[in-house]
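The next block holds one structure in the form of structure tokens; read it before the comments.
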Amino acid sequence: FYNYPISQAADILLPKAHLVPVGDDQLPHIELTREIARDFNRMFGEVFPVPEALIGRVPRLVGLDNSGKMSKSLGNTIELKDPAEIVTRKVMGMYTDPTRLRATDPGHVEGNPVFIYHDAFNPDKDEVEDLKERYVQGKVGDVEVKRKLAAALNTLLEPIRDRRAYYEQHMGEVRDVLYQGTQRAKRLAEQTMSQVREAMGLARYFK
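Take 454 as the starting number for the sequence shown in our numbering and just add one per residue.
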């Protein structure tokens with residue numbers, strides 16, 4: 454456990470990554486990797502690029518139950534493989550505004566997981582803004598808001614499900630891609646380690 458950040462740094466530095474796509478909760482690990490790269494370069498010469506974190510438009514996605522981020526161990530996730538009916542069922546059970554007892558009660562949009570997901574995944578921004586406006590005025594119920602979210606998510610996930618179904622029937626292609634990627638990663642790692650040993654004056658011990 455304590456060595457995990459170092460192991461993660463090795464995964465980044467061996468292929469000499471310049472950009473690392475992460476959630477904002479991983480930024481401390483990226484900063485540790487940057488420190489390791491800078492310290493090594495200062496002591497032994499320029500070998501490693503100092504990587505930058507690449508944070509997406511949605512740095513961290515709250516779980517369906519609003520208890521921190523999505524986590525499979527907590528059972529508060531929507532999985533890419535979930536069938537449309539499962540996605541809909543999960544969305545309909547999402548946590549919303551606990552202070553809103555009736556559909557006619559004004560609701561809170563800020564911090565509401567359903568609207569966080571709408572902002573992240575619903576491409577129809579006019580629809581999202583309309584739902585928000587009606588929600589805070591008590592003119593739309595949670596059921597309608599959730600149904601529209603489920604529809605948007607299923608539209609997004611449908612091509613992903615189709616690709617998954619294809620590759621489940623063509624596992625040979627998957628194995629080929631994994632094998633080629635593994636071989637390429639090994640070559641990159643070997644090249645980097647050769648440069649590391651040379652920079653540290655250890656190359657003669659590995660001939």
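Glycine included, every Cβ here is placed at the ideal spot set by N, Cα and C.
6 Å CB neighbourhood of residue i in its chain, flanking five on each side removed
i: I489; result: A462
i: F497; result: A652 and M653
i: P566; result: V515, N519, M547 and Y548
Limits of the alpha helix (DSSP H) - the one that residue i falls within
i: P474; result: First-last for P474: L472 to V475, but that is the beta strand (DSSP E), not the alpha helix (DSSP H).
i: A605; result: D595 to E621
i: E488; result: L480 to F497
i: D583; result: K578 to V589
i: T541; result: A537 to M545
i: I465; result: Y457 to L466
i: Y548; result: That residue, Y548, is in no alpha helix (DSSP H); it is neither H nor E in DSSP.
i: A652; result: M624 to M653
i: Y570; result: P566 to F574
Length of the line joining the Cα atoms of residue i and residue j
i: R617; j: M646; result: 36 Å
i: K601; j: H471; result: 39 Å
i: P458; j: R487; result: 12 Å
i: S520; j: G528; result: 11 Å
i: P512; j: P481; result: 14 Å
i: Y632; j: D464; result: 18 Å
i: R628; j: E621; result: 11 Å
i: K522; j: K599; result: 19 Å
i: L641; j: V500; result: 13 Å
i: P551; j: D579; result: 26 Å
Minimum Cβ-Cβ distance from residue i to chain C less than 7 Å
i: P551; result: Checking the listed chains, one finds no chain C in this structure; it contains a single protein chain.
Minimum C-alpha distance to residue i - residue among the options
i: T541; options: L609, A638 and D464; result: L609
i: G591; options: H471, P468, P474 and G560; result: G560
i: M547; options: D558, T530 and R555; result: T530
i: R553; options: N575, G625 and V593; result: V593
i: L514; options: E538, A638, E505 and E532; result: E532
i: G509; options: K534, V596, Y619 and D478; result: D478
i: A652; options: L485, F493 and V475; result: F493
i: D607; options: G654, Q644, G625 and F574; result: Checking the displayed sequence, the identity of residue 607 turns out to be Asn instead of Asp. Taking only the C-alpha atoms, the option nearest N607 is F574.
i: P468; options: V649, A656, A638 and R650; result: A638
i: R555; options: K534, P536 and V589; result: V589
i: E538; options: A604, A656 and F659; result: A604
i: E439; options: K660, F501, M624 and A506; result: This structure cannot speak to residue 439, because the chain is shown only from 454 to 660.
i: V562; options: K543, M545, P576 and D583; result: D583
Residue i, enclosing beta strand (DSSP E) - first and last residue
i: L507; result: E505 to I508
Own chain partners of residue i with C-beta closer than 7 Å, once the 5 adjacent residues on each side are dropped
i: T557; result: G591
i: R491; result: V503
Chain-order list of residues whose beta-carbon lies under 8 Å from that of residue i (same chain, five-residue window excluded)
i: F568; result: V562, V581, L584, K585, Y588 and V598
i: V475; result: H482, I483, A506, L507 and I508
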